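Q: Offset between the sequence shown (1-based) and the numbering used here: plus 205.
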Amino acid sequence: MTSRLETPGASRDAAPARGAWAARWRVAARLARRQVRRTLPSSLLIGALMMLPIATMTAYTVVAASTIATPAEQVATELGRTQAWIGVRGLPGNGLWQAPTQPEFFGYPATMRAGPEGERVEDPTTLLPDDVESIEVVEANVRVATPDGVTSIQAWTGYTWEPRFAGRFDVIDGRSPTGPDEMMATPAALSRLGLRIGDTVELADPARSLTVTGTMSAAVLPSDVPALFLPASVEVRGEPKWYLPEHELSWEEVEELNEHGVVAFSRAVALDPPDMSGTDAEGARVDYWSSRWSIFIMLGAAGLFSAYVVVMLAGAAFAVSARRQQRALAVAASVGASASDLRRIVLLQGTTLGIAAGVVGAVVGIGAGAAVLAVVDNGSTAQFPGLHLPWEMVLAIVALAVLVGTASAAVPAHTVARSDVLSALRGARRPQRARPSHPIWGSVLVVVGLAVTIAAAVALTVIDPSIAWDSPLRTAPPYGVIIGPIVVQLGVVLSGRWLLWTTARLFSRIGLSARLASRDAAANASRSVPAFGAIGATVFIGVFALSGVAMQNGQSARNWYYQAPVGSMAITYVPTGTGGEYTPLSEHEIDEAGAAALDLADASGSRRIAVVERQPEPWSADADDMPSASVRALALLPDEYLIDSDRSFMTGSQDPSDPISVIDADEIETALGVRLTSAQLAAYRDGAAISADPRFVTEQTLEISAWTWAQAVDGALPSNIWRESPAMPAWEPPLWTERLPAISLDLPLQPVLVAISPQTADRLGITTAPRLVIAGFDTAVPLDMRDRLGAQAETLSTSSWTLTAGWEDGPPDDTLWMAPIIAAVATLVLGASAVALSLARFERRPDDATVSAVGGSDGLRRRIGFWQGLIIAGFGTLTGAVAGILPPLGIAMQSGGMLLASDIPWTVLVALAVALPLAIAVVSWLVTPRRPELTRRTVIT
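1) Name the DSSP beta bridge partners of Ala1078, please?
2) Looking at the unbroken beta strand (DSSP E) that takes in Met774, where does it start and where does it end?
3) Going along the chain, which residues of its own chain have a beta-carbon closer than 7 Å to the beta-carbon of Ala917, five neighbours each way excluded?
4) So which of Leu988, Leu1121, Leu950 and Pro953 has the shortest CA-CA distance to Thr1032?
5) By the three-class DSSP mapping on this structure, what secondary structure does Trp914 have?
6) Please list, in chain order, all residues of the same chain as Ala1041 whose beta carbon is under 6 Å from its beta carbon, the five residues on each side excluded.
7) Suppose you measure from the CA of Asp1108 to the CA of Trp1022; what does that come to, to the nearest Å?
8) Using the C-alpha atoms, what's the distance from Thr658 back to Pro1092?
9) Assess contact between the region 961 to 977 and the region 714 to 727, defined as three or more Cβ pairs (one per stretch) separated by less than 8 Å. Is contact present?
10) Going by CA-CA distance only, name the one from Gln955, Ile848, Trp936 and Leu751 that's closest to Ser896.
11) So, with DSSP's three-state summary, where would you put Gly379?
12) I need the DSSP call for Leu1131, collapsed to helix, strand or coil.
13) In the region 263 to 299, which residue ranges form an unbroken alpha helix (DSSP H) of at least 4 residues, counting only runs that do not cross its ends?
14) Distance, Cα to Cα, Ser545 vs Leu553?
15) Do you know offhand how far Ser1129's Cα is from Leu717's?
16) Of the choices Leu699, Val616, Glu597 and Ala601, whose alpha-carbon is the least far from that of Ile645?
17) On the DSSP letters alone, give me the boundaries of the alpha helix (DSSP H) that Pro476 sits inside.
18) Could you tell me if Val580 is buried or exposed, where buried requires 16 or more neighbouring beta carbons within 10 angstroms of its beta carbon?
19) Mapping DSSP to helix, strand and coil, what is Asp863?
20) For Ser731, I'd like the list of residues in its chain whose CB is within less than 6 Å of its CB, leaving aside the five on either flank, ordered along the chain.
21) Using DSSP bridges, identify the partner residues of Pro946.
22) May I ask which residues mark the beginning and end of the beta strand (DSSP E) holding Trp706?
23) When DSSP builds the beta bridges, which residues end up paired with Met389?
24) Determine which residues share a DSSP beta bridge with Ala815 and list them.
25) Report all residues from its chain with a CB closer than 7 Å to the CB of Arg991; omit the five preceding and five following residues, and keep chain order.
26) Could you tell me the alpha carbon to alpha carbon distance between Arg944 and Ile1027, rounded to whole angstroms?
27) To which residues of the same chain is Gly784 closer than 6 Å at the C-beta, ignoring the five residues directly before and after it?
28) Could you tell me whether the region 255 to 271 touches the region 282 to 290, where touching means 3 or more Cβ pairs closer than 8 Å?
29) Does Ser858 come out as helix, strand or coil in the three-state DSSP assignment?
30) Just the C-alpha distance for Leu398 and Glu440, rounded to the nearest angstrom, thanks.
31) Could you check if Gly1095 is buried or exposed, using at least 16 other CB atoms within 10 Å of its CB as the buried criterion?
32) Looking at Leu408: is its Cβ nearer than 7 Å to the Cβ of Val349?
33) Do you know offhand how far Trp230's Cα is from Ala237's?
34) Excluding five sequence neighbours on each side, which residues of the same chain lie with their C-beta closer than 6 Å to the C-beta of Ala1088?
35) To the nearest angstrom, how far is it from the Cα of Ala305 to the Cα of Pro479?
36) Just to confirm, are Leu1008 and Ala998 a CB contact at a threshold of 7 Å?
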C-alpha cells in the first residue's frame, strides 16, 4: 500500500506558487474538455437542455427585431426615392405641432382652451417656393364591378408609377400608364377581379372605364390585398398628400408648414430628428430603448424562467455526471490536484457546454428566425421591413448560456471538492445526508411567502381608494401577491431533501417498489429536487396563466355585447360620420337604409329574418320634430333592482334605459334566438310583452309608463339604472302607466330586453323606427361568405348612412386559449420528467443489478419506475399548482367583484396537478428497464 507524504501543515487547498495559476487553469480546462468528449451522451443531454431555450430566445429576438424598421427603411417605405411629402391636417394660426418622424402624431397646444379657428389651406404647395416640383397622390376606396357584383377596393390616384416612387410603389410587370384612361393594379386585384393586363376595369363610383397596363405593389400592403393605382384624372374622396421629388425639407421648414396647419414627413428630418424633449411631441419619441422595450421584457422573463429550469435540470444531470467521474477526479486528487482544481474541472465542464450550447443555439435560432420570417412575410415592408440581426441581444443570450452552464455545474463542483478521495477510489456510494439548516430555512421561506401573500391580498381589499395611485401602499400589494408564492416555492425546493426523506418514510408502508423508489429519490436528492423544482416552476406559470386568463375571459363573457343571438348576422345602419355635429337620419333615409339592410339579409341566403324597431334616442331626436301624440315609453325596472347614483354601471347589449323593442310576432323567435310555445306566441299577438330579463316581471305583469319627448330630452324620467338622486334631474310624473301581461324568459345572450308587437305599440302610441335587422342561420356561415357580405354592406352604404354586417359568435371559446397553455405546460413537464427519470435509471443501474441478483423481477423494476415518476412529477405539479393559484386568488380579491374565483377552471387545474403525474408514472411503468449488468468494485483496504 502506498501513500503520498504531505508537508506538515499543508492541505489540499494550500495556495499554489506564484505563476502556477495559469497552468492550473489550462490543465483544468484540458481535463474538462476531455471529460465532456468522454461522456458524450450526458454532454449532449446537458447541451440540448441549454441549447433549446437559447435557440428559442434567439429566434424570437430575430423575428421581433425584424419588425422594427430602421430610419432608412421607414423613409424608403414612406417616400421611395422622393424627399418629402406634405398634407393638410389642421387650421392655420393655431399652433399645430407634429412629431418629426411620425407626422400623423400631431395636435394643438395643450394650453389651448377653445377649438381651432381659421380656414383650411386647400393647396399646401403654394406655401413652398415656386420652382418646387410636387406630385399629388390621394388614397381612398373606390367601388369596382366584379363578377360577383360591386365591391370596394383600396386605391391611390396620381402618378404612383413614377420611377422616383420606387420603394414606396414598385412596378412589377407591364408598362406604366401614358393616358388618362389607363391604370395599374396589384396582382391580387387582378385575381380578385378576374382580369389580366390589357383588360378593362369598370369603376362604379366614380363611373369610369380604365385599361390595365401593368401590375404594381405598394410597400404598405400585403401581397394578397387587392389595390388599384389610378390616374390623377379620377376624382376620389380622401386625404391628399403632395410628394416632393427633389426639394429637401429642413425641420425649420416643417415647423413653418405646421403654422399653416400642414404636416410633413421629410427624409432629412427622419434620418436626423431633432430633440423634442419638453414639447408636446415628446410622447412620440422613438429611440433604441423605447422601440425595443417589449423585446427586453419578453427576453428578461423568458431568460429568468429558462435559466431557473435549465439550471435545475442541467444541475441534476451534472450531479449524476460528477458522481460518475468521481473516481477519475479522485485519481487526480491523489497525484496532487487540490480541492480548488477539482472544483475548476467540473465548473469548466459547465462553462464549456454553456459556450457550445450558446453558439449552436444562436446559430440555430438565427436560422429558425429567418425561416419564420420567410413563412409569415406577407409582402408588406411596413410589417416586415427586412431581416435584422440584433447582435448585441444575440451576444447577451450567448452570455446567458455560458452563465447558466457554469451555474448548473456549481453545486456538483462544490460537492466533488468536498468528497473523500479514499472512498471515491474504493467506489463507495454513501447516501447523502440532509443538512438540518435546509429544512429550517425552507420552512422560514414558506412561512414568509405565505405571510407576504396574505398581507398583500388583505391590503388590496382594505386599501383606501383616496390614496394616490403612485403611493407605495397602492403599488406594493400587487407585487406582494405574486412575489409571495414564488418565495413559497423556493422554500419548498430548499426543503426538498427533507420532504423526500419524509415521503420515503410514509411510502415505506405501501410496498417494496414504493419503498425503494422513494428511498432512491431521497438518497439522490441532488437529482430529484432540481427535477421537481423545474416542474413546479413550469406548473406555477401554467396555473397562474390559466387562472388569470380564465378570470379575464369570464369578465369579458359577462360584459359581452351581443349584437344578435349567437350564430346570427346583425345588420345595423348609422349616419356616416361627417366630423361635425351629429345629424340623425331622416325618415326617408331610414326607409332607404332599412330596405338595403333587408336586401343584404336576403343576399345571405337566410330564410329567417327579423326587423327590430326601437324608439329614437332622446339625445338624437328633436322634441319639436316629434309628432304631438308621440311619447317616450319605458318598461320600468322595479325600484329594488336600481342602484345608487354614486355607483358605476356598464351598459351591455341589453340597455335598461332603452328596453322596448317592437318586433313582429312572425319574427320574434328569430330576434330572440329561441323557440316559443304556441301559447306564448298567441299571448304575444294578443298584447302580452316578452321580457328577456325576469327582473322586469312582477306577478306575471310588466309595467310600462310614458313621458313627453320634451321631458325625455331634459332627462326628467327614470334612467332605469339609478335611483332618483338630488344630483340628477327630478323625475316628472308619467303621462300614463299600463301593466301588460308578461311572458318571462331568461335570455341574456341577445340584444332584446323587452319586446312588444307592432299592434301593441300602435295601441300605446309608441313611435318607433327600424334599428336592426337580424338574419338567423341553422349552420355556421363560411368565412368567404362573411367577407363577401361585409364587402357588399360597404358597397350598399351611401354618403348619408353606413351599413354594417356583424356576425355574432359569442365570447371566445376557452378551448382556443387553454389548449396552447396546457400543451406548453404538459410538454415542459414531460420533458423535465423524462430528463429526471432518465438520469434516475442511468444512475440506478448498479442498484438494478443488485435487485436482480437477489431475485427482483422485471415487474418490480418497472413498478419502481412508476413510483419514481409519480414522486418526482407529483411533487412538482402539486407545489407548482398550490403556489400558482395564490396570485390569481389575491388578484380576484382586490378586483372588487370584477374578477371571480369561480371563473378559474378548477377541474382543469386538478387534472393538471393529478392526472399529469399519473400519466407520467404510467409511461415510466410502460417503458421497460434495460437489462441489468453485474458490476465489480475494487476493494482498497
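Here a beta-carbon is modelled for each residue, glycine too, at the ideal position from N, C-alpha and C. Computed from a prediction, not measured in an experiment: that's the story for all the values here.
A: Here's the rundown:
1) Answer is none; Ala1078 lacks a bridge partner.
2) Met774 to Pro780
3) Pro823 and Arg837
4) Leu1121
5) helix
6) Ala736 and Ile1077
7) 14 Å
8) 8 Å
9) no
10) Gln955
11) strand
12) helix
13) 276 to 284
14) 12 Å
15) 17 Å
16) Leu699
17) Looking at the sequence itself, residue 476 is Leu, so the reference to Pro does not match. Unbroken alpha helix (DSSP H) run through Leu476: Arg472 to Leu476.
18) exposed
19) coil
20) Ala524
21) Thr906
22) That residue, Trp706, is in no beta strand (DSSP E); its alpha helix (DSSP H) goes Gly701 to Phe712.
23) Gly419 and Phe434
24) Ile979
25) Trp1012
26) 53 Å
27) Low confidence applies to Gly784: its pLDDT is 41, below 50, so where it sits in the model is not reliable, and the reading given next is rough at best. Once the five neighbours on either side are set aside, Gly784 has no close Cβ partner at all.
28) no
29) coil
30) 21 Å
31) buried
32) yes
33) 10 Å
34) Pro690, Val693, Gln694 and Phe745
35) In the sequence under discussion, the amino acid at residue 305 is Pro, which differs from the Ala named in the question. Straight-line Cα distance between these residues: approximately 7 Å.
36) yes
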